[in-house]
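What follows is a set of notes on a single structure, which appears directly below.
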Amino acid sequence: MTATSTDDAQTPSAALRARQRPLKDAYKEDPTGALVTSTATARVDQGALTATVPTWAGDVVAGLHPATGGDGSQACSADIVLQALVACAGVTLSSVATAMGIELRSASVTANGTWDARGTLGVDREAPVGLSSVEVLVDVDTDADDDTVAKLLELTERYCVVARTLTAPPPVTVRRA
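Everything in the sequence shown is counted per full-length UniProt numbering, starting at 1 for the first residue and increasing by one.
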C-alpha cells in the first residue's frame, strides 16, 4: 500500500470549491436556475394561541412571548428569527472560513434582538412592531490575524442569506390563500 501524497489529498477549501464549481458554472450559464423558492407553513391553533411549524428537525410550536401574555412554554417568533440568523451566519462563517483556508478551532455566533412589546400589543401606535435592533456577535478561536478575521466577518455578513434579508428586507404581502 502506498502512502497518499499531499498532492493527492484535497484540502477542505479545494473540496468545497470542487463541490460548488458545477453549481456556480450552471448558474452563470442559466441565472434562472439559481432562483430557489423556500416555503414554510404553520398550522394555527386559535384555542392554544399557537402556530406549529414543521421543520426538518421536528415541529416547532410558537406561542406568545411572556411579555405579550404567554407563559414561556412555546417558542417566541422573534427568537426563531434570531435562531435562523445565527444558524445561517454560522454555516456561512464555516463555509467562508473553509474557502479562505482559515482553520477555526471553535466558533460561536450569538444574536441579540430588541423589540417593544407595546407595539405588538397595540398599546402605543408609535411603538414599533418587530425587532428594532439586532446585533450579531461572532466568537472565533483561530490563528488567523485580525485583518483576516475582519475579512471573514465582512464576507460572512455579505453572504448570509438571513442577515441580508434582515438588512434589506423584501416586500412582504399577507393575503388570503
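We treat Cβ as the ideally placed atom computed from N, Cα and C, and that holds for glycine.
CB of THR156 within 8 Å of CB of VAL96, strictly: yes
Endpoints, the beta strand (DSSP E) within which GLU135 is located: 131-142
Helix, strand or coil at GLY90 [DSSP, three-state]: helix
Coil, strand or helix - ALA177 by DSSP: coil
Stretch pair the stretch 53-70 + the stretch 20-33: three plus CB contacts closer than 8 Å: no
The alpha helix (DSSP H) enclosing VAL162, as first and last residue numbers: 161-167
Chain D within 8 Å of LEU131, Cβ atoms only: In summary, chain D is missing from the structure at hand, where a single protein chain is found.
Limits of the unbroken alpha helix (DSSP H) element including ARG17: 12-29
Contact check, THR98 vs LEU16, beta carbons under 8 Å: yes
Span of the alpha helix (DSSP H), counted from its first residue to its last, around LEU35: Here LEU35 belongs to no alpha helix (DSSP H), and DSSP marks it neither H nor E.
Residues near THR2 by beta carbon distance below 6 Å, same chain, minus five either side: For THR2, the predicted structure reports a pLDDT of 44, less than 50, and the residue's modelled location is therefore unreliable. A value from the coordinates is still provided. Nothing meets the Cβ criterion.
The alpha helix (DSSP H) enclosing THR120, as first and last residue numbers: 117-121
Same chain, Cβ closer than 6 Å to CYS160, neighbours up to 5 away in sequence not counted: CYS88, ALA89 and THR92
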